[in-house]
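Residue numbers (the numbering used here), protein chains in the order written: chain Y, 42 to 352; chain R, 828 to 1003; chain F, 7 to 191. All C-beta atoms, glycine included, are put in the ideal place defined by N, C-alpha and C. Since the structure is predicted, the reported quantities are computational estimates derived from the model, not experimental observations. What follows is a set of notes on a single structure, which appears directly below.
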Amino acid sequence: MNIIALFISPLIAIIIGMFFLGLSRKISARIHWRYGPPIYQPVIDVIRSFSQMSISHGRFFDFGIIFSLVGSLVLILFLPIGKLYVLTSGGLIAFLYLMLLSPFGIALSGGASANPNSSIGISRKFLLSLAYEVPLLLVLIAVMTHYNTISLVDIVKIQASSGWAFGSWALVLPGIAYFLILPAILGVRPFEVVKAPQEISSGPIAEFGGKHLAFYTLQNALHMFVGLGLFVDIFLGGWTLFGLLDPISGTVWGIILGIIIFLIKMLIVLIIGLFINAVYPRFRIEQAMKYLWKWPTLIAFIGLIIVMLIN
Amino acid sequence: MNELKKKFESIFNNITVNVVEDNRIVVNIKKDEVLTFLSYLKNLGYEHLSLVSCVDWINKSEFELIYILSSYMAKDEEYQEKEKTKIIVKTRIPRKEARFITVINVFENAEPYERELHEMFGIYFEGHPRLTPLLLERDYEIPPFRKDFDMQNYVDNTYGKIPSIKERKKEQNERT
Amino acid sequence: MDRNQISKWLKNPGKMANKYSFHVVYFCTGCGVIEIPPSITTRWDAERFGIIPVASPRQANLFLIAGYVSTKTLKAIIRTYEQMPEPKYTIAFGSCPINGGMYYDSYNTITSLDKYIPIDGYIAGCMPRPEAVFVGVTHLWKLIDMDKADGYKRYREDYKHYRANQEQLFGDMDWPPLFSKENIK
Chain Y
42 MNIIALFISP LIAIIIGMFF LGLSRKISAR IHWRYGPPIY QPVIDVIRSF SQMSISHGRF
102 FDFGIIFSLV GSLVLILFLP IGKLYVLTSG GLIAFLYLML LSPFGIALSG GASANPNSSI
162 GISRKFLLSL AYEVPLLLVL IAVMTHYNTI SLVDIVKIQA SSGWAFGSWA LVLPGIAYFL
222 ILPAILGVRP FEVVKAPQEI SSGPIAEFGG KHLAFYTLQN ALHMFVGLGL FVDIFLGGWT
282 LFGLLDPISG TVWGIILGII IFLIKMLIVL IIGLFINAVY PRFRIEQAMK YLWKWPTLIA
342 FIGLIIVMLI N
Chain R
828 MNELKKKFES IFNNITVNVV EDNRIVVNIK KDEVLTFLSY LKNLGYEHLS LVSCVDWINK
888 SEFELIYILS SYMAKDEEYQ EKEKTKIIVK TRIPRKEARF ITVINVFENA EPYERELHEM
948 FGIYFEGHPR LTPLLLERDY EIPPFRKDFD MQNYVDNTYG KIPSIKERKK EQNERT
Chain F
7 MDRNQISKWL KNPGKMANKY SFHVVYFCTG CGVIEIPPSI TTRWDAERFG IIPVASPRQA
67 NLFLIAGYVS TKTLKAIIRT YEQMPEPKYT IAFGSCPING GMYYDSYNTI TSLDKYIPID
127 GYIAGCMPRP EAVFVGVTHL WKLIDMDKAD GYKRYREDYK HYRANQEQLF GDMDWPPLFS
187 KENIK
């Protein structure tokens, strides 16, 4: 079971991540009143990037992007996709640490490319992660206190056993806070300061071409999957849906339906997020920091106090 | 408008003032008096030098330098007559040994305009701190905006002389 | 996708992916800059063909030069073209890069661009309408299918001629040649 999950879960993550990238391009095109690209367009882009000549800028340039891709892949192993999970120990603490691996890899790679735009992008990336780590930490502490465990798998199981599909009412405020910082974690608008093609010519990936760009796109898809999946696992109850799957739990069909329910929940979160993404312009970096340290932090802090009082 | 005209004519000699249309005055002046006239206008409130331009009158063998001045609008309510007016100061300098005095001391923003004129017309501005190339990269025997610069001839001799890749290949095949 | 397309995809996925995913570096001067934004935004949505603008030449595979080319911008064009990874395609948009257009006798504007970098396709007109971009792109698809869009191969083969032309125009060039010295002479 574990061996199968080890191979299947990254595969699902890459396929669904690419599908979500294509879907997000299509949906934002429809919001702009455009026809939009076909949904499989990111796959074509990746194939094209692999077929192109790649220009390397030294050993660290190659290493960094592989490092960030591997960081995201390891992150997938900690994330329960429906009932499919590989690593149970470590939980949220390890998750928090490993989430920094992929920005770190990109930063390594961008720094090795010695492009001034990359340097600006990297400094913005670390400033932004400094900004969103504070509310993220508060949110995760609230979740860990509420369920009295650090294991993600246990958190999903508790939600399933309690019968209530959508987490707990005490975690509404941390959920809102996490949803507010989700675009910052994914690095999309309105927190697109890191890439910002119009200002700093796509920032850390300014020198990425060919295979490096393809790896970056795959990493981006995985990162999107992880960010959305964590939200679904913590707050929306993972694979549970009002005890619908209780009769067939344990069978293969139960697992497959669990994954499908998990993905549908992710899709709903993605579509709600896309409306924010397609409408709003980009923050400047200091506006983004000010915003992230003010509202999501405040909401997460109030949520943490409420959770502590209830416990 | 006419008050301004009378005022100018009373103070300066050798000056012709035309009111071409509403809010636009053209002043023709001798080249020695340009600097004093411009500083007088600046004190009057025309603080903005919009443009320094030049016309090549090749038949009269003269360059005509044109300074366009306007004034900042202080407030919309206190909209004065002079704030709507544009003053165009024209002067003529000989085409041979084209030299003129710089107006940087009066209007600082004249610096890039004068650099451009030096580059395009070959007018030397005395007292200008740096008359280095601003826009052009190539060397021209005659500055390109002068009327006696033969554009078609120049293009044929530089860009036209560069062979196409096919011709280069043919040339190489003949050589080997 | 019909059966023909699928067999093509299986035979040469790189070529087909290059066809349907043009990441474009736009080099716009003068009036070219007016015609490009409508073609990539809502009215003539270029993204439905997979054409999106990118900010950096490293990520691109199509180079679209719109508008006149002065000697100063030609330097930037050559450097941008040399930074793009292969396979790469070029389209000259408007009559100015083709033969000089209305700047045929200008003191500072080069008359034909294909003496300095290889061009795969031309879109004639002054200025062409945004639809012409898509017509040009569909023609480029046909050329790629027939392996005739080989500008980057020609640049590699005849690099010494292109470099000689560039040096004849600029005199000393302040960047090293793209390919090795043996390739030049």
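| Query | Result |
| --- | --- |
| Residues in the segment 28–50 of chain F having any Cβ partner in chain Y nearer than 7 Å | 48 |
| Where residue 976(R) falls: helix, strand or coil (DSSP) | coil |
| The segment 847–866 of chain R contacting the segment 918–935 of chain R, beta-carbon criterion three pairs below 8 Å | yes |
| Nonlocal neighbours in the same chain, by C-beta distance under 7 Å from residue 110(Y), ignoring five residues either side | 256, 259, 260 |
| Extent of the continuous beta strand (DSSP E) to which residue 926(R) belongs | 926–928 |
| Residue span of the beta strand (DSSP E) that contains residue 855(R), given as start and end | 851–856 |
| Chain R contact for residue 165(F) (CB, 7 Å cutoff) | no |
| Min CB distance residue 94(Y) to chain F below 7 Å | yes |
| Buried versus exposed, by CB contacts within 10 Å (16 or more), residue 222(Y) | buried |
| Residue 959(R) (DSSP reduced to helix, strand or coil) | coil |
| Local conformation of residue 32(F) per DSSP, three classes | strand |
| Closest by C-alpha distance to residue 87(Y), when choosing among 252(Y), 187(Y), 309(Y), 331(Y) | 252(Y) |
| Whole-angstrom distance between residue 923(R) and residue 30(F), CA atom to CA atom | 51 Å |
| Residue from 143(F), 116(F), 19(F) whose Cα sits closest to the Cα of residue 81(F) | 116(F) |
| 7 Å Cβ shell around residue 206(Y) - same chain, five flanking residues per side excluded | Reliability fails at residue 206(Y), whose pLDDT of 47 lies under 50, so the model's placement of it is uncertain and no value is given. |
| Contact between the segment 126–139 of chain Y and the segment 148–157 of chain Y (3+ Cβ pairs under 8 Å) | no |
| Minimum C-alpha distance to residue 917(R) - residue among 943(R), 843(R), 850(R) | 843(R) |
| Residue 989(R) at chain F interface by Cβ criterion, 7 Å | yes |
| Neighbouring residues, chain F, relative to residue 967(R) (Cβ below 8 Å) | 113 |
| Counted within 10 angstroms of its Cβ, other Cβ atoms place residue 49(F) as buried (16 or more) or exposed | exposed |
| Cβ distance (whole Å) where residue 835(R) is taken to contact residue 854(R) below 8 Å | 7 Å |
| Residue 67(Y) vs residue 58(Y) beta-carbon contact at 7 Å | no |
| Cross-strand partners of residue 178(F) (DSSP beta bridge) | Answer by DSSP bridge pairing: none, since residue 178(F) is not bridged. |
| Segment limits, beta strand (DSSP E) that includes residue 98(F) | 95–99 |
| Distance CB(residue 64(Y))-CB(residue 53(Y)) smaller than 7 Å | no |
| Where residue 14(Y) falls: helix, strand or coil (DSSP) | The structure shown has nothing for residue 14(Y), since chain Y only spans 42 to 352. |
| Inter-stretch contact (C-beta, 8 Å, three-pair minimum) for the segment 265–275 of chain Y and the segment 97–110 of chain Y | no |
| Coil, strand or helix - residue 875(R) by DSSP | strand |
| Residue 794(R), DSSP secondary structure in three states | The structure shown does not extend to residue 794(R), since chain R is modelled only from 828 through 1003, so no value can be given for it. |
| Own chain residues within Cβ distance below 7 Å of residue 25(F), not counting five before or after | 147, 150 |
| Residue 345(Y) burial status per 10 Å Cβ neighbour count (16 or more: buried) | buried |
| Near-chain R residues of the segment 96–123 of chain F - C-beta to any C-beta below 9 Å | 106, 110, 111, 112, 113, 114, 115, 116, 117, 118, 120, 121, 122 |
| Backbone secondary structure at residue 70(Y) - three-state DSSP | helix |
| Members of the segment 178–194 of chain Y near chain F, C-beta cut-off 8 Å | none |
| Spatial distance of residue 183(Y) from residue 96(F) (CA atoms) | 55 Å |
| Unbroken alpha helix (DSSP H) run spanning residue 296(Y), endpoints | 293–320 |
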